[in-house]
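See structure below.
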Amino acid sequence: MSENIAPNSTSKRRRTIWVWAAASAILLVLFAWVYYFEPIKNLSFPNSDYWNDKATDVIILVPALATAISGALLTRHFKPSEPPYRIWLIFTLGWWAWVGGEVLGFVYDYFYWFADYPEFTFIDVFWLLGYVFFGLSLYYQFRLIYSYKRGRKSALYFSFIAIGLLLALGLTQLALAAGLGEGYSWAALYLAVIYPVFDLAEGAAALWLFFLFGRGYLGRPWWGLIAFAVADGINIFFWIGGYNWLSDQVYYSLDLFSNVAYVAGYLITALAFLAAHEHIERGITASASSR
Numbered sequence: 592m593s594e595n596i597a598p599n600s601t602s603k604r605r606r607t608i609w610v611w612a613a614a615s616a617i618l619l620v621l622f623a624w625v626y627y628f629e630p631i632k633n634l635s636f637p638n639s640d641y642w643n644d645k646a647t648d649v650i651i652l653v654p655a656l657a658t659a660i661s662g663a664l665l666t667r668h669f670k671p672s673e674p675p676y677r678i679w680l681i682f683t684l685g686w687w688a689w690v691g692g693e694v695l696g697f698v699y700d701y702f703y704w705f706a707d708y709p710e711f712t713f714i715d716v717f718w719l720l721g722y723v724f725f726g727l728s729l730y731y732q733f734r735l736i737y738s739y740k741r742g743r744k745s746a747l748y749f750s751f752i753a754i755g756l757l758l759a760l761g762l763t764q765l766a767l768a769a770g771l772g773e774g775y776s777w778a779a780l781y782l783a784v785i786y787p788v789f790d791l792a793e794g795a796a797a798l799w800l801f802f803l804f805g806r807g808y809l810g811r812p813w814w815g816l817i818a819f820a821v822a823d824g825i826n827i828f829f830w831i832g833g834y835n836w837l838s839d840q841v842y843y844s845l846d847l848f849s850n851v852a853y854v855a856g857y858l859i860t861a862l863a864f865l866a867a868h869e870h871i872e873r874g875i876t877a878s879a880s881s882r
């Protein structure tokens, strides 16, 4: 009887992953439809554009929460004394920080829908916290893979941060010289540039891990950072005035693509977390059934 337990359990868990993958695809299509065609905005009632925007925000919040929760599920499989525990705990904290940013987006939209956003908000605090946690988790992951002399470990991490900040500084000056970001302060423009710099840096690190791990289940949760690097890079390019260089058709196509990629970043990470969780659960079930 025990011989049938593991195969049946494996098949059931694989079906679970496929069901979640299908649900993710449906959610992605739903988001693209609501965002692009704006069905709620086209209805004749007050502030319909606001409610259409909130509908897309709710759709985004669902995979954001799923990512943070599934990350917590994966982290629970490791003991605090095990190196992967710290990596996945910090990585998951980054996703919870971004969930906080998404929730605060509802609050700020409620108060500032008919006014300009402040240049710096608590949303930015949560986004930046997320980047800090993501960067730390990547740092600990690479520390686990490569061996450095103890004295060089912290210096290496802070060197990467310094390089990122200096790169953002240089890009900010280039943006100002090109006349982009008109109407915004230098600090606001610098903050806007930091996002894609961090995204691209962490996306590049995630791509590096992709090649190192191949299709390994513990390498997949990093893939979502690559999607965010693409999405946020396009969004910030628009924000600093880059849309003025594009035709309407190219602009709307890139805008839709970047927003779909943004949601896909959450979905990819959530599915990868869930797949890793189910992979470990299969091992536990198989081990128990063989006793």
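Numbering (the working numbering), first residue to last: 592 to 882.
Note that the Cβ used here is the ideal one computed from N, Cα and C, for glycine as well.
- Burial is judged here by how many other beta carbons sit within 10 angstroms of a residue's own beta carbon; R606 has fewer than 16 and is exposed.
- Taking one beta carbon from each stretch, the region 704-712 and the region 669-684 have fewer than 3 pairs nearer than 8 Å; the two do not touch.
- Only residues of its own chain outside the window of five on either side were considered, and among them L800, F801, L803, F804 have a CB closer than 8 Å to the CB of G810, listed in chain order.
- In this structure, P787 lies near D823, with their beta-carbon atoms less than 8 Å apart.
- The straight-line gap separating the alpha-carbon atoms of A659 and F828 is approximately 28 Å.
- Just so you know, the alpha carbons of G815 and L619 end up roughly 14 Å apart.
- Under the three-state reduction of DSSP, E629 is assigned to coil, being neither helix nor strand.
- For T860, the CB contacts under 6 Å within the same chain, skipping 5 residues up- and downstream, are T658, P812, G815 in chain order.
- Counted as a single uninterrupted DSSP element, the stretch harbouring F705 is not any alpha helix (DSSP H), since DSSP gives it neither H nor E.
- The Cβ neighbour count for S838, taken over all protein chains shown within 10 Å, is under 16; the residue is labelled exposed.
- Using a Cβ distance threshold of 8 Å, V854 and I651 count as a contacting pair.
- In this model, F636 and D644 are separated by some 14 Å (Cα to Cα).
- If you draw a 10 Å sphere on the C-beta of A796, you find 16 or more other C-beta atoms in it, and that means buried.
- In the DSSP annotation of this structure, N835 is not part of any alpha helix (DSSP H), being labelled neither H nor E.
- At least 8 Å separates the beta-carbon of G726 from that of I714.
- For R811, no alpha helix (DSSP H) encloses it, and the DSSP letter there is neither H nor E.
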